[in-house]
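>
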Amino acid sequence: MTAMARSGAGATARAGGHDGARPDFARSGRAASRGTPVAGRRQPRRPLCGPRGQRGYAYIALLIGIAIVGVAAAATIQLGALYQRRMAEKALLEVGGAFQRALLSYADATPAGLPRQPRTLEDLVRDPRYPNPVRHLRRVYADPLTGKADWVLVRSPDGQTIVGIHSASRARPIQLKLFPEEFRGFENRRSYTQWVFVARRPLLAVGGRAPNAGVPASPDGTPLPDALPPGGVTMPGGMTAGDPVAGKADDDGFPDNGWPSGDGFSTGGGLGGGNGFGSGNGFGGGSGLANGGASANGGGFSNDGGFSTGGGLSTSGGFSNGGGFSSNGAYSSGNGSSSGGGFSSGGGFSNGGFSSGYGANR
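For the sequence shown, position 142 (counting from the first letter as 1) is numbered 142 according to the UniProt record's numbering, and the numbering increases by one without interruption.
1) If you run the structure through DSSP and keep just helix, strand and coil, what is Arg-155?
2) Tell me the rounded alpha-carbon separation between Arg-129 and Pro-115.
3) Kindly indicate which residue of Asp-123, Arg-86, Phe-197 and Gly-147 has the alpha-carbon position closest to the one of Thr-161.
4) Just grab the DSSP bridge partners of Gly-164 for me.
5) Could you compute how far the alpha carbon of Gly-185 sits from the alpha carbon of Ile-165?
6) Ala-102 and His-136 - do their beta-carbons sit closer together than 7 Å?
7) With a CB to CB cut of under 7 Å and the five nearest residues on each side skipped, what residues in its chain are close to Tyr-57?
8) Cβ atoms of Ser-169 and Leu-153: under 7 Å apart, would you say?
9) State the Cα-Cα distance for the pair Pro-225 and Gln-84, rounded to the nearest angstrom.
10) Could you give the C-beta distance for Phe-183 and Leu-93, rounded to a whole number, given that I count them as a contact under 8 Å?
11) Taking C-alpha atoms, which residue in Val-163, Ser-167 and Asp-143 lies nearest to Ala-107?
12) So Leu-195 and Ser-156 are in contact, right, with Cβ under 8 Å, and what is the actual spacing, rounded?
13) Measure the alpha-carbon distance for Ala-112 versus Phe-197 and round it to whole angstroms.
14) If I measure Cβ to Cβ from Gly-147 and keep anything under 8 Å in the same chain, skipping five residues before and after, which residues do I get?
15) Measure how close the beta-carbons of Tyr-59 and Val-95 come, nearest whole angstrom, since I'm counting them as under 8 Å.
16) Under DSSP, the alpha helix (DSSP H) around Ala-88 begins and ends at which residues?
17) Please determine, among Glu-181, Leu-79 and Arg-86, the residue with the shortest C-alpha to C-alpha distance to Ala-199.
18) Spatial neighbours of Ala-88 within its chain, please: C-beta separation below 7 Å, excluding the five flanking residues on both sides.
19) Excluding the five sequence neighbours on either side, which residues of its own chain have a C-beta within less than 7 Å of the C-beta of Ala-213, listed in chain order?
20) CA-CA distance, Ala-81 and Ile-66?
21) The alpha helix (DSSP H) with Val-125 in it runs from where to where?
22) If you draw a straight line from the C-alpha of Ile-77 to the C-alpha of Asn-188, how long is it?
23) When you compare only the Cα positions, how much space is there between Ala-109 and Asn-132?
24) What I want to know is whether the C-beta of Ala-171 ends up closer than 6 Å to one or more non-hydrogen atoms of the ligand PLP.
25) With distance defined between alpha-carbon atoms, name the residue in Arg-201, Asp-150, Gly-159 and Phe-179 nearest to Thr-193.
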């Protein structure tokens, strides 16, 4: 009996079921090393997000980043909407210009006795005034601002025909200035409803000519021909337009008849045997310069011309043998001027070009 009681007590002690059993410190040490909390001992708290001085900054940075992305997205949406509206406004001008040209074409193609404006927009697509199809507009386009063909029609005073159209949108236009000439009057408008597209002819530029305009007229109203006739047109005073001008110089630069005899060059001297300048090329055949033109037989100028046959000065022409000037030619044998030719023997001017006294010739 005693042995059986002892064996039962030993089994109970091994099972740890008796009240007086001592704690197993080895087991508690192993549990503490594994990180399992042990009863009666306080464990230290470890930080969750790094050092205590850096807590919360990542969250604040995330909020700032989200706010920046939202502002950028809103600005992008606004710019996109503004761009789309600007493109729609540009398309409105193009479509309105097509309606303007169609209304003008309809008016220009009007047969006699029929109205010049259409009754409906479909009349621009197919003109009912002709048996065969006549198209002034490809189709009735939709309003780019509304997306529908809900154009507001501007009718004539009697309300029967259409004189213009405009958009139904009441939004404020983006473009306020710098419109093309066909859209004059659109500046500084407050609504698209004030952009009225009517049949308007373009203004002519400076010096331009309208289509199908007649030929220009003279001051008395007579139309002028496009080209002059072969014989020219007789102008007032006996001159003929298209012909060579009377008294025109030859290829040498001087008239065939020379200069008048009383205009400062003498008939007998000075320059030329004719009137002033010779009938040949350069200067006259009698004085001045040679008959043929420039050079003399032997040297610089001709026998009778400006300078002598030997070279420098002539006996009868340009300069004299003795002094400064010849007795018969351009200059006198004595002093300054010749008695017969260019300059007088006494001074002044000769009987020909200049007088033998002092004044002018007679």
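Even for Gly, the Cβ is constructed at its ideal location relative to N, Cα and C.
Since this is a predicted model, take the numbers as computed values, not measurements.
Inspection of the coordinates gives the following:
1) Within the sequence shown, numbered from 1, the residue matching residue 155 stands at position 155. The answer is strand: DSSP assigns Arg-155 an E or B state.
2) Position 129 of the sequence shown, counted from the start, is the residue given in the question as residue 129. Position 115 of the sequence shown, counted from the start, is the residue given in the question as residue 115. Approximately 9 Å between the Cα atoms of the pair.
3) The count along the sequence shown starts at 1 and reaches residue 161 at position 161. The shortest Cα separation from Thr-161 among Asp-123, Arg-86, Phe-197 and Gly-147 belongs to Asp-123.
4) As a first step, residue 164 is located in the sequence shown; it is residue number 164 there, counting from the start. Paired residues: Val-154 and Val-198.
5) Your numbering for residue 185 matches position 185 in the sequence shown. Your numbering for residue 165 matches position 165 in the sequence shown. For Gly-185 and Ile-165, the distance between alpha carbons rounds to 14 Å.
6) On the sequence shown, residue 136 is found 136 positions in, with the first residue counted as 1. On the sequence shown, residue 102 is found 102 positions in, with the first residue counted as 1. For His-136 and Ala-102, yes; Cβs fall inside 7 Å.
7) Your numbering for residue 57 matches position 57 in the sequence shown. Excluding sequence neighbours, Tyr-57 sits near nothing in its chain.
8) On the sequence shown, position 153 is the one that residue 153 refers to. On the sequence shown, position 169 is the one that residue 169 refers to. Cβ atoms of Leu-153 and Ser-169: not closer than 7 Å.
9) Working through the sequence shown from its first residue, we reach residue 225 at position 225. Working through the sequence shown from its first residue, we reach residue 84 at position 84. Confidence at Pro-225 is low in this model, with a pLDDT of 40, below 50, so the placement of that residue should be treated as unreliable; the coordinate-derived value is given next. The alpha-carbon atoms of Pro-225 and Gln-84 are separated by roughly 56 Å.
10) In the sequence shown, residue 183 corresponds to position 183, counting from 1. In the sequence shown, residue 93 corresponds to position 93, counting from 1. About 7 Å; that satisfies the 8 Å criterion.
11) Position 107 of the sequence shown, counted from the first residue, corresponds to residue 107. Among Val-163, Ser-167 and Asp-143, the Cα nearest to that of Ala-107 belongs to Val-163.
12) Within the sequence shown, the letter at position 195 stands for residue 195. Within the sequence shown, the letter at position 156 stands for residue 156. It is Trp, not Leu, that sits at residue 195 in the sequence shown. With a Cβ gap of about 20 Å, Trp-195 and Ser-156 do not count as contacting.
13) Here residue 112 corresponds to residue number 112 of the sequence shown, with the count starting at 1. Here residue 197 corresponds to residue number 197 of the sequence shown, with the count starting at 1. Between Ala-112 and Phe-197, the C-alpha separation is close to 25 Å.
14) Counted from its first residue, the sequence shown places residue 147 at position 147. If we look at Gly-147 and ignore the five residues flanking it on each side, it has no Cβ neighbours.
15) The residue labelled residue 59 in the question sits at position 59 within the sequence shown. The residue labelled residue 95 in the question sits at position 95 within the sequence shown. Not really, about 54 Å apart at Cβ, beyond 8 Å.
16) Here the question's residue 88 lines up with position 88 in the sequence shown. That run of the alpha helix (DSSP H) goes 57-108.
17) Within the sequence shown, residue 199 is the residue found at index 199, counting from 1. Closest by alpha carbon: Glu-181.
18) The residue you call residue 88 lines up with position 88 of the sequence shown. Here the set comprises Pro-144 and Leu-145.
19) Residue mapping note: residue 213 aligns to position 213 of the sequence shown, counting from 1. Confidence is the limiting factor: at Ala-213 the pLDDT is only 38, short of 50, which leaves the residue's position unreliable, though a coordinate-based value still follows. None.
20) As a working mapping, residue 81 is identified with position 81 in the sequence shown. As a working mapping, residue 66 is identified with position 66 in the sequence shown. So the two alpha carbons sit approximately 23 Å from each other.
21) If you number the sequence shown from 1, residue 125 lands on position 125. From DSSP, the alpha helix (DSSP H) with Val-125 extends over 122-125.
22) One-based indexing of the sequence shown puts residue 77 at position 77. One-based indexing of the sequence shown puts residue 188 at position 188. Rounded to whole angstroms, Ile-77 to Asn-188 spans 27 Å at the Cα level.
23) Residue mapping note: residue 109 aligns to position 109 of the sequence shown, counting from 1. Residue mapping note: residue 132 aligns to position 132 of the sequence shown, counting from 1. Their backbone Cα atoms lie some 13 Å apart in a straight line.
24) Among the components of this structure there are no ligands whatsoever, and the ligand PLP is therefore not found.
25) On the sequence shown, residue 193 is found 193 positions in, with the first residue counted as 1. The option with the nearest alpha carbon to Thr-193 is Asp-150.
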